[in-house]
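Trainee: Residue 25 is where the sequence shown starts when you use the working numbering, and the numbers rise one by one after that.
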Amino acid sequence: MDDTTLWTDVPGYRGYKASPDGRVLGPTGTILRPMRMTTGHLYVITGDKRKLWVHHAVLLAYTGPRPDGHECRHLDGNPRNNHAANLAWGTRTENIRDRARHGTEHYGEDKPNHILTTDQARAIRVDDRPSRTIGRDYGISHTTVLRIRRGERWKAA
Numbered sequence: 025m026d027d028t029t030l031w032t033d034v035p036g037y038r039g040y041k042a043s044p045d046g047r048v049l050g051p052t053g054t055i056l057r058p059m060r061m062t063t064g065h066l067y068v069i070t071g072d073k074r075k076l077w078v079h080h081a082v083l084l085a086y087t088g089p090r091p092d093g094h095e096c097r098h099l100d101g102n103p104r105n106n107h108a109a110n111l112a113w114g115t116r117t118e119n120i121r122d123r124a125r126h127g128t129e130h131y132g133e134d135k136p137n138h139i140l141t142t143d144q145a146r147a148i149r150v151d152d153r154p155s156r157t158i159g160r161d162y163g164i165s166h167t168t169v170l171r172i173r174r175g176e177r178w179k180a181a
């Protein structure tokens, strides 16, 4: 372990410490090797089998407790960059705006949980049947149909 690193306790995780460069130290004094989610976010498993997100550990240690209604923001858009200077608590809206600014927000068929294809969204735009009927045919809500027609959803379609 590097003796010059400033390790700070992670509140709520007894024995765990975080460094300002985004590393987590376990209760035994070893630097833990994080695992990566498909989204790129890093986590470690604690001794009591809890998942500790590295970005949460760093924010808790260097910024303080999460305010109600806030979540972690990676200011540069890189979920693997867990340096304290790159992290901040923020609202969901701020996080969504960050993703749009960084170009990391997925739209349409790029979203992993999309229901419609681009061709289906185009067909919905020009379909003049009632929105409830179209919604039933495609397995979506009539509100989603209306949003597609107004260009609020599937903008590229």
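All C-beta atoms, glycine included, are put in the ideal place defined by N, C-alpha and C. Small disclaimer: the values here were computed from a predicted structure and weren't measured.
1. Quick one: give me the first and last residue of the alpha helix (DSSP H) that Arg97 is part of.
2. For Leu30, report the span of its alpha helix (DSSP H) as first-last.
3. Please give me, in chain order, every unbroken run of the beta strand (DSSP E) with length at least 3 that falls completely inside the segment 96 to 177.
4. For Thr157, count the other beta carbons within 10 Å of its own beta carbon; 16 or more makes it buried, fewer makes it exposed. Which is it?
5. In terms of DSSP beta bridges, what is Leu83 paired with?
6. Counting Cβ pairs closer than 8 Å, one from the segment 95 to 104 and one from the segment 64 to 71, do we hit at least three?
7. With DSSP as the reference, label Val34 as helix, strand or coil.
8. So which of Ile55, Gly36, Pro35 and Tyr37 has the shortest CA-CA distance to Thr29?
9. Measuring only the C-alpha atoms, how far is Gly36 from Asn110?
10. Are the CB atoms of His80 and Arg90 within a distance shorter than 9 Å?
11. Taking its Cβ as the centre, do 16 or more other Cβ atoms sit within 10 Å of His98, making it buried, or is it exposed?
12. Hey, out of Glu118, Gly163, Gly93 and Pro51, whose CA is closest to Gly71's CA?
Mentor: By the coordinates alone:
1. Note, Arg97: premise wrong, no alpha helix (DSSP H); beta strand (DSSP E) at His94 to His98.
2. Segment: none, Leu30 is in no alpha helix (DSSP H) and carries neither H nor E.
3. 111 to 115
4. exposed
5. In the DSSP output, where bridge partners are listed per residue, Leu83 has none listed.
6. yes
7. coil
8. Ile55
9. 22 Å
10. yes
11. buried
12. Pro51
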